[in-house]
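0 is the number of the first residue of the sequence shown in numbering that gives the first Met the number 0; add one for each residue after it.
Beta carbons: idealized from backbone N, C-alpha and C, even for Gly.
Here the structure is laid out as structure tokens; the discussion comes afterwards.
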Amino acid sequence: MIRFHFRLRPLADVEPWGNRRLHWFALTDGWYWIEVDGHKLFHHPSNADTGQPSPVDYYVVRLWEDVQEVLPSLLEPVPADLVDHMTSDQDAWYGAGVEDAEAALDWYSSHFMYASYLAASPRILWWRSVADRDTITVDWWHPAEPGLDCAVPRQGRASVSTELFLRAVEEFDRELIDAMDRRIAEIEAGGLDPDIQLDIEQLRREHQLRSGSLAAALRHVPATDWRAVREGAARIFSTRTQ
0 MIRFHFRLRP
10 LADVEPWGNR
20 RLHWFALTDG
30 WYWIEVDGHK
40 LFHHPSNADT
50 GQPSPVDYYV
60 VRLWEDVQEV
70 LPSLLEPVPA
80 DLVDHMTSDQ
90 DAWYGAGVED
100 AEAALDWYSS
110 HFMYASYLAA
120 SPRILWWRSV
130 ADRDTITVDW
140 WHPAEPGLDC
150 AVPRQGRASV
160 STELFLRAVE
170 EFDRELIDAM
180 DRRIAEIEAG
190 GLDPDIQLDI
200 EQLRREHQLR
210 SGSLAAALRH
220 VPATDWRAVR
230 EGAARIFSTR
240 TQ
């Protein structure tokens with residue numbers, strides 16, 4: 000089971016940016032987290048103020064964009080001979096300091112969903128395997144940062160069928176676009192303070208563009224040079240075993 004959860008902050012509580020401006024990005028202010036196989040990513044085990052578990056408090060669009068950015072790479076099946084090297088422990092790949100392995104390192108890093116904009120961000124790696132059955136695996140690791148845990152548990156791995164994963168991504172996309180459509184309609188009906196600057200025509204144009212971004216991400220196919228990736232990976236891991 001996998002699901003991308005979110006809630007938008009009530010419109011009246013959304014803080015405008017500099018010069019009292021708002022735009023599509025800022026209007027996605029809210030909370031989000033990923034639930035996979037009973038585990039929670041982007042979710043704090045306890046809130047400093049209430050002592051209760053709480054999801055990440057940030058712009059929901061960032062999770063939406065990050066998923067779409069990694070999507071082409073994670074949907075490209077990892078060859079069976081490379082699957083055992085997939086791990087969120089970056090030291091396994093970068094620690095050896097091997098030269099002439101750029102293709103392998105670029106390929107590996109393209110499977111990360113980076114969230115360095117958060118005060119506490121877990122390292123999350125996604126990949127697809129079709130060796131036994133068609134699955135998407137997520138591997139995560141949260142470096143030790145007392146009081147800033149953002150994954151429960153701190154380290155783990157879970158797999159779901161590719162069909163279920165794609166269904167969850169499409170559902171997340173549809174729900175966010177629908178929520179933003181309702182938010183824009185609320186603004187058009189006068190739901191925003193008159194002193195806040197917002198270009199409603201530009202907002203609608205951007206909304207239309209963003210409505211098609213998932214389809215564009217799904218159409219993109221990486222041009223992976225598997226020979227270069229394999230050669231680079233062989234250099235990296237042969238060094239580690241010496």
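Could you check if A232 is buried or exposed, using at least 16 other CB atoms within 10 Å of its CB as the buried criterion?
The residue given as residue 232 occupies position 233 in the sequence shown. It is buried - the Cβ of A232 has at least 16 other Cβ atoms within 10 Å.
Distance CB(S23)-CB(L202) smaller than 8 Å:
Within the sequence shown, residue 23 is the residue found at index 24, counting from 1. Within the sequence shown, residue 202 is the residue found at index 203, counting from 1. Here residue 23 turns out to be Trp, not Ser, going by the sequence shown. A contact, by the Cβ cut-off of 8 Å.
Indicate whether H219 and M179 have their beta-carbon atoms separated by less than 8 Å.
Taking the first residue of the sequence shown as position 1, residue 219 is located at position 220. Taking the first residue of the sequence shown as position 1, residue 179 is located at position 180. No. Outside cutoff.
Roughly how many whole angstroms lie between the Cα atoms of R242 and E185?
Nothing can be reported for residue 242, as the shown portion of the chain is limited to 0 through 241.
Does V69 come out as helix, strand or coil in the three-state DSSP assignment?
Your numbering for residue 69 matches position 70 in the sequence shown. Helix at V69.
Give the DSSP-derived three-state secondary structure of H42 in the structure shown.
Here the question's residue 42 lines up with position 43 in the sequence shown. Here DSSP, grouped into helix, strand and coil, assigns H42 to strand.
Span separating the alpha-carbon of W126 from that of R209
Residue mapping note: residue 126 aligns to position 127 of the sequence shown, counting from 1. Residue mapping note: residue 209 aligns to position 210 of the sequence shown, counting from 1. Between W126 and R209, the C-alpha separation is close to 25 Å.
For Y57, which of helix, strand or coil comes out of DSSP?
Reading the sequence shown from its first residue, position 58 is the one you call residue 57. Under the three-state reduction of DSSP output, Y57 falls in the strand class.
Would you mind sorting R226 into buried or exposed? The rule is 16 or more other CB atoms within 10 Å of its CB.
The residue you call residue 226 lines up with position 227 of the sequence shown. Classified as exposed, R226 has fewer than 16 neighbouring CB atoms from the shown chains inside 10 Å of its CB.
If you check the beta carbons only, do R122 and S158 fall under 8 Å apart?
Taking the sequence shown and counting its residues from 1, one reaches residue 122 at position 123. Taking the sequence shown and counting its residues from 1, one reaches residue 158 at position 159. 8 Å or more divides the Cβ of R122 from the Cβ of S158.
Give the straight-line distance between the Cα atoms of L104 and P9, rounded to the nearest whole angstrom.
Locating residue 104 in the sequence shown gives position 105, where the first residue counts as 1. Locating residue 9 in the sequence shown gives position 10, where the first residue counts as 1. Rounded to whole angstroms, L104 and P9 show a C-alpha spacing of 42 Å.
Please state if the CB of W30 and the CB of K39 are separated by a distance shorter than 8 Å.
If you number the sequence shown from 1, residue 39 lands on position 40. If you number the sequence shown from 1, residue 30 lands on position 31. Not in contact: K39 and W30 (Cβ atoms no closer than 8 Å).
Y57 vs L117 beta-carbon contact at 8 Å
Locating residue 57 in the sequence shown gives position 58, counting from the first residue. Locating residue 117 in the sequence shown gives position 118, counting from the first residue. For Y57 and L117, yes; Cβs fall inside 8 Å.
Distance, E200 Cα to E187 Cα
Along the sequence shown, read from residue 1 onward, the residue named residue 187 stands at position 188. Along the sequence shown, read from residue 1 onward, the residue named residue 200 stands at position 201. Those two C-alpha atoms are separated by around 10 Å.
By the three-class DSSP mapping on this structure, what secondary structure does F24 have?
Residue 24 sits at position 25 when you count from the first residue of the sequence shown. F24: coil per DSSP, three-state reduction.
What's the C-alpha gap between T27 and V59?
As a first step, residue 27 is located in the sequence shown; it is residue number 28 there, counting from the start. As a first step, residue 59 is located in the sequence shown; it is residue number 60 there, counting from the start. Annotation: T27 to V59 spans about 5 Å, alpha carbon to alpha carbon.
For a test of the three-state rule: what should DSSP assign to I33, helix, strand or coil?
In the sequence shown, residue 33 corresponds to position 34, counting from 1. In the structure shown, I33 falls within a strand segment according to DSSP collapsed to helix, strand and coil.
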